[in-house]
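Engineer: Residue numbers are given in my numbering: position 137 of the sequence shown equals residue 223, and the series is strictly consecutive.
In this text, a Cβ means the ideal position worked out from N, Cα and C, and glycines have one as well.
These figures come from a predicted structure and were not determined experimentally.
Have a look at this one.
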Amino acid sequence: MTPRAYNFSAGPAALPLEVLEQAAREMTNWRGSGMSVMEMSHRGPEFISIAAQAEADLRELLSVPSDYAVLFLQGGGLGENAIVPLNLMGEKARADYLITGSWSAKSVEEARRFGEVNVVAEASKPYCGMPAPEHWRTNSQAAYFHLCTNETIDGVEIHELPFEAVPSGVPIVADVSSHILSRPLDINRYGCIYGGAQKNIGPAGLTLAIVRRDLLGRAHAMCPSVFNYQLLDQSGSMYNTPPTYGIYIAGLVFQWLKRQGGLAAIEAMNVAKAQALYDVLDRGGLFYNRVDPAYRSRMNVTFFLRDEGLNQAFLDGAKAQGMVQLKGHRSVGGMRASIYNAVPLQAVQTLVSYMNEFERTHG
Ligand SMILES: Cc1ncc(COP(=O)(O)O)c(C=O)c1O
Numbered sequence: 087m088t089p090r091a092y093n094f095s096a097g098p099a100a101l102p103l104e105v106l107e108q109a110a111r112e113m114t115n116w117r118g119s120g121m122s123v124m125e126m127s128h129r130g131p132e133f134i135s136i137a138a139q140a141e142a143d144l145r146e147l148l149s150v151p152s153d154y155a156v157l158f159l160q161g162g163g164l165g166e167n168a169i170v171p172l173n174l175m176g177e178k179a180r181a182d183y184l185i186t187g188s189w190s191a192k193s194v195e196e197a198r199r200f201g202e203v204n205v206v207a208e209a210s211k212p213y214c215g216m217p218a219p220e221h222w223r224t225n226s227q228a229a230y231f232h233l234c235t236n237e238t239i240d241g242v243e244i245h246e247l248p249f250e251a252v253p254s255g256v257p258i259v260a261d262v263s264s265h266i267l268s269r270p271l272d273i274n275r276y277g278c279i280y281g282g283a284q285k286n287i288g289p290a291g292l293t294l295a296i297v298r299r300d301l302l303g304r305a306h307a308m309c310p311s312v313f314n315y316q317l318l319d320q321s322g323s324m325y326n327t328p329p330t331y332g333i334y335i336a337g338l339v340f341q342w343l344k345r346q347g348g349l350a351a352i353e354a355m356n357v358a359k360a361q362a363l364y365d366v367l368d369r370g371g372l373f374y375n376r377v378d379p380a381y382r383s384r385m386n387v388t389f390f391l392r393d394e395g396l397n398q399a400f401l402d403g404a405k406a407q408g409m410v411q412l413k414g415h416r417s418v419g420g421m422r423a424s425i426y427n428a429v430p431l432q433a434v435q436t437l438v439s440y441m442n443e444f445e446r447t448h449g
């Protein structure tokens, strides 16, 4: 059998092998039900129990209090760029947006279709950090303050959000697509967090949103019912057919995370994996990273070769050793190693050894 690749894809991304193996064992007959999860009615007792367990495990992992709704829906991260304003702008019809990278810039473009968008600050390009909070031009009348806490394309992560810079009473909405569940997060500081599943949660097609319940009920009349957070909450995410198989796999990932020791334990692993790569990049050899060290992502490590003429040789050599999807996003160039929770330490160590070897042979 071909060995599994060391997969550094930004998403859809590596899933824990244990999860895939369990899903394979349960593929045609889920726990004696005589059915694949894919074949089950979403209203039947089997799937209801799968969804309930997934939600309970997620609530436990992230310590989500009962005044927050956990919603499993569709539409992806980009869908949320419309779903959020449709649900949360309300009568104020205006919101604050911080731009720290490609995805938050895209969020602004979409939100402008639904109301007045105030860009509180925009990081300069190439994106490599967060504009200083003293330069933010916030609006205390904003319906919410939106940001992306991990910019997947640029490799920029906001490790500590300056909550005091957001006017009190303005709920914070965060696109956490590419680092949710990589570390503990105090959900009480947020009005809403959302993300596509295809990085740290499960397969593409499932979107997760966690919304403080007092923000529900202000959806725009034009908001499609299937994207109305309140209707989704009232129906236990079953207003229409939810992405059932995605929810099942996400549930297996949540249980895997609990077996790893929860989010504090996984964070320690993630710190170690990222540090191993940044150590190579900081050595001043053939590679470099251009993100402000305070904002370097633990999930998406972007880097460049000083001699771009060596890019293809680097990728080819990596592929020959089983390492795939290291090419940077087309808008940024260079390389990107996405090292989500399910990317094993061994994959990172293999990449580090390869980079060392590449420097020896091409230096
Ligand atoms: C931070 C972030 N936001 C939004 C998106 C868009 O997500 P989707 O493709 O699920 O719409 C991505 C995709 O990579 C992302 O990384």
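#1: Is the closest heavy atom of ligand 1 to the C-beta of ASP240 under 7 Å?
#2: Cα separation between LYS344 and LEU147?
#3: Which of the three DSSP states is assigned to ARG117 in this structure?
#4: Any chance the CB of ASN286 is under 7 Å from a heavy atom of ligand 1?
#5: Return the bridge partner residues of MET409 from the DSSP annotation.
#6: By the three-class DSSP mapping on this structure, what secondary structure does SER323 have?
#7: With DSSP collapsed to three states, give me the class of ASN386.
#8: Indicate whether ILE259 and GLY277 have their beta-carbon atoms separated by less than 8 Å.
#9: For ligand 1, any of its heavy atoms closer than 7 Å to the Cβ of TRP189?
#10: What's the C-alpha gap between VAL194 and ILE239?
#11: In the DSSP output, which residue or residues are listed as bridge partners for ARG298?
#12: In whole angstroms, give me the CA-to-CA distance for ARG90 and MET355.
#13: Measuring only the C-alpha atoms, how far is GLY449 from SER119?
#14: Rounded to the nearest angstrom, what separates GLY241 and SER424 at their Cα positions?
#15: Taking the alpha helix (DSSP H) that LEU349 belongs to, which residues open and close that run?
#16: Is MET441 helix, strand or coil when you go by DSSP?
#17: Return helix, strand or coil for TYR280, following the three-state DSSP convention.
#18: Quick check on the burial criterion: 16 or more other C-beta atoms within 10 angstroms. Buried or exposed for LEU103?
#19: Taking C-beta to C-beta, are THR224 and HIS265 nearer than 8 Å?
#20: Tell me the DSSP bridge mates of ALA175?
#21: Start and end of the beta strand (DSSP E) containing ARG422?
#22: Going by C-alpha distance, which of CYS214, GLU125, MET441 is nearest GLY403?
#23: Taking the beta carbon of GLN411 as the centre, do at least 16 other beta carbons fall within 10 Å, making it buried, or is it exposed?
#24: Just verifying my parser: in three-state terms, what is the DSSP assignment at HIS59?
#25: Rounded to whole angstroms, what's the CA-CA distance from TYR213 to ASP261? Just pull it up for me.
#26: Since GLN108 and GLY337 are thought to touch, with beta carbons under 8 Å apart, how far apart are those beta carbons, to the nearest angstrom?
#27: Are the beta-carbon atoms of PRO171 and ALA197 separated by less than 8 Å?
#28: If you draw a straight line from the alpha carbon of LEU106 to that of GLY291, how long is it in whole angstroms?
#29: Can you say whether THR388 is buried or exposed, counting buried as having 16 or more other CB atoms within 10 angstroms of its CB?
Structural biologist: This is what the structure holds:
#1: In terms of side-chain proximity, the C-beta atom of ASP240 is found no nearer than 7 Å to any non-hydrogen atom of ligand 1.
#2: Near 7 Å, if we compare the C-alpha coordinates of LEU147 and LYS344.
#3: Residue state, collapsed to three classes: helix.
#4: Because no heavy atom of ligand 1 lies under 7 Å away, the Cβ of ASN286 does not count as near it: no.
#5: DSSP, once it has assigned bridges, lists TYR92 as partnering MET409.
#6: SER323 falls in the coil class under three-state DSSP.
#7: Three-state DSSP puts ASN386 in a strand.
#8: A small fix is needed here, since residue 259 is Val in this sequence, not Ile. Contact check for VAL259 against GLY277 passes: the beta carbons are separated by less than 8 Å.
#9: Within the chosen limit of 7 Å, ligand 1 reaches the beta carbon of TRP189 through at least one heavy atom.
#10: Each residue's alpha carbon lies about 16 Å from the other.
#11: Assignment of beta-bridge partners to ARG298 by DSSP yields TYR154.
#12: So the alpha carbons of these two residues sit roughly 21 Å apart.
#13: Distance between the alpha carbons of GLY449 and SER119: 59 Å.
#14: The alpha-carbon atoms of GLY241 and SER424 are separated by roughly 9 Å.
#15: Here the alpha helix (DSSP H) through LEU349 covers 348-367.
#16: Reduced to three states, the DSSP call for MET441 is helix.
#17: DSSP places TYR280 in strand when its eight states are reduced to three.
#18: Exposed, since its Cβ has fewer than 16 Cβ neighbours within 10 Å.
#19: In terms of Cβ geometry, THR224 and HIS265 do not form a close pair [threshold 8 Å].
#20: Per the sequence presented here, residue 175 reads as Met, with Ala not at that position. Looking at the DSSP assignment, MET175 forms no beta bridge with any residue, so it has no partner.
#21: Secondary structure note for ARG422: its beta strand (DSSP E) is the uninterrupted segment 421-424.
#22: Taking the Cα of GLY403 as reference, the smallest distance to any Cα among CYS214, GLU125, MET441 is reached at MET441.
#23: Burial call: buried.
#24: Only positions 87 to 449 of the chain appear in the structure, and residue 59 is not among them; the question remains open.
#25: C-alpha separation (whole angstroms): 17 Å.
#26: With a beta-carbon spacing of about 11 Å, GLN108 and GLY337 fall beyond the 8 Å limit used to define contacts.
#27: Yes.
#28: Roughly 17 Å separates the two Cα atoms.
#29: So THR388 ends up on the buried side.
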